[in-house]
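According to my numbering, the sequence shown holds residues 245 to 511 in order. Read through the structure below, which is laid out as structure tokens, and then see the notes.
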Amino acid sequence: MREPSSEPLPDFTTGEGLRVLLEQLTAEHLWRTHPAARALMQYAQEKYLPLARSWHRDPADAAYEAFMAMRTPAIRRAADPWAAITRAVELGIAAEVHAERLLTSTDKARRPDQRPDEYPMRAGHYETFFYHVLAAATPPASPTVAVERVVRSASVFLVTTGWYPRTIETAVEYICHRLTTLASTQSGIDVLRKDDAMRQRLGFSARDWNGLLRLLLGPRSKKEVTGADPARLGIFARLLLGDRTEDLLADHQLAAISRKFTRGTAA
Numbered sequence: 245m246r247e248p249s250s251e252p253l254p255d256f257t258t259g260e261g262l263r264v265l266l267e268q269l270t271a272e273h274l275w276r277t278h279p280a281a282r283a284l285m286q287y288a289q290e291k292y293l294p295l296a297r298s299w300h301r302d303p304a305d306a307a308y309e310a311f312m313a314m315r316t317p318a319i320r321r322a323a324d325p326w327a328a329i330t331r332a333v334e335l336g337i338a339a340e341v342h343a344e345r346l347l348t349s350t351d352k353a354r355r356p357d358q359r360p361d362e363y364p365m366r367a368g369h370y371e372t373f374f375y376h377v378l379a380a381a382t383p384p385a386s387p388t389v390a391v392e393r394v395v396r397s398a399s400v401f402l403v404t405t406g407w408y409p410r411t412i413e414t415a416v417e418y419i420c421h422r423l424t425t426l427a428s429t430q431s432g433i434d435v436l437r438k439d440d441a442m443r444q445r446l447g448f449s450a451r452d453w454n455g456l457l458r459l460l461l462g463p464r465s466k467k468e469v470t471g472a473d474p475a476r477l478g479i480f481a482r483l484l485l486g487d488r489t490e491d492l493l494a495d496h497q498l499a500a501i502s503r504k505f506t507r508g509t510a511a
């Protein structure tokens, strides 16, 4: 095994600097001994800390997914290595979450065709699901609690109006997570509309996916808003402003629009 080079370390915070360092660590088998390897993994853990927290995972889980991605040739060949690693970390953590929910292996959770058809039934699952969101409103203890309430309330509304329970909660949670990593709602809508990979993994048609985004986030621009449009604010915005699930269900126009998009969803 070769000793680490005394040459200056490349700036691995840039795409090209990372590529150079990964080539060196891999070709010379220096992952265990090179001082830059430890610094790189510490940087990766800090970089993906917000992503791990958004999925309620330990930051070490995100660092592990980043490390596994860095060992692959595809990352070294990628046009933007950091972007490719970020995507790998997102998919890896999502697979871990799905594996825990489905009581299956992470490898199977990564492949929709190998996942169980139904989520395992847990005692009290649906009772907790509904009574939690229909209870008297109380101030959230933290931003995390508020986000969980929004995700759960939006999911209950969509399931009640005909969306398929097995996929809709995962879709709502994913959309909410992606919004937290982007600069604005507008950029979030644009990115999510083009996210064909996740749309197909969740089993949505392009029509239903775009309809779900409009329901949750509102229209893309003011030009699409009409005075009578019940989805002009978006479900997320209404829930954050204080609406509850029963308020959304009482909006018959909004419920009708939601039901319109369920005819093509997976069943």
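Positions of the beta carbon are idealized from the N, C-alpha and C atoms, including for glycine.
- Per the Cβ contact rule, the stretch 293-309 is in contact with the stretch 334-350 (3 or more Cβ pairs under 8 Å).
- Classified as exposed, Asp351 has fewer than 16 neighbouring CB atoms from the shown chains inside 10 Å of its CB.
- Collapsing the DSSP output to three states places His421 in a helix.
- Taking 8 Å as the upper bound for CB-CB distance, Ala441 and Val416 are not in contact here, some 18 Å apart.
- For Asp324, the closest of Thr257, Met285, Asp305 by C-alpha to C-alpha distance is Thr257.
- The beta carbon of Arg263 sits closer than 7 Å to those of Arg320, Pro325, all from its chain and outside the five residues before and after it, given in chain order.
- The criterion of a C-beta distance shorter than 9 Å is not satisfied by Thr506 and Gly432.
- Collapsing the DSSP output to three states places Ala271 in a helix.
- For Ala310, the CB contacts under 7 Å within the same chain, skipping 5 residues up- and downstream, are Ala288, Tyr292, Ile329, Val333 in chain order.
- For the pair Leu459 and Phe401, the Cα-to-Cα distance works out to about 11 Å.
- The Cβ atoms of Gly462 and Gly478 sit closer than 9 Å to each other.
- Between the alpha carbons of Pro317 and Ser449 lies a distance of about 33 Å.
- Secondary structure note for Trp407: it is in no alpha helix (DSSP H), with a DSSP letter that is neither H nor E.
- Per DSSP, His342 is one residue of the alpha helix (DSSP H) stretching across 325-346.
- Annotated three-state conformation of Ser399 is helix, per DSSP.
- DSSP, reduced to helix, strand and coil, places Gly432 within a helical segment of the structure shown.
- When C-alpha distances from Ala500 are compared across Pro254, Cys420, Thr404, the shortest belongs to Thr404.
- Contact check for Val389 against Glu413 fails: the beta carbons are separated by 9 Å or more.
- For Asp255, there is no enclosing alpha helix (DSSP H), since its DSSP letter is neither H nor E.
- Counting the other CB atoms within 10 Å of its CB gives His342 a total of 16 or more, which places it among the buried residues.
- Going by DSSP, Tyr308 is part of the alpha helix (DSSP H) stretching over 303-314.
- Under a 10 Å Cβ-count criterion, Val435 is classified as exposed, with fewer than 16 other Cβ atoms of the shown protein chains found around its own Cβ.
- Of the other Cβ atoms in all chains shown, fewer than 16 fall within 10 Å of the Cβ of Gln430; this residue is therefore exposed.
- In the same chain as Glu267, and ignoring 5 residues on each side of it, the C-beta atoms closer than 7 Å to its own belong to Arg320, in chain order.
- Scanning Pro294, Met314, Glu260, Gly259 for the CA closest to the CA of Met285 turns up Met314.
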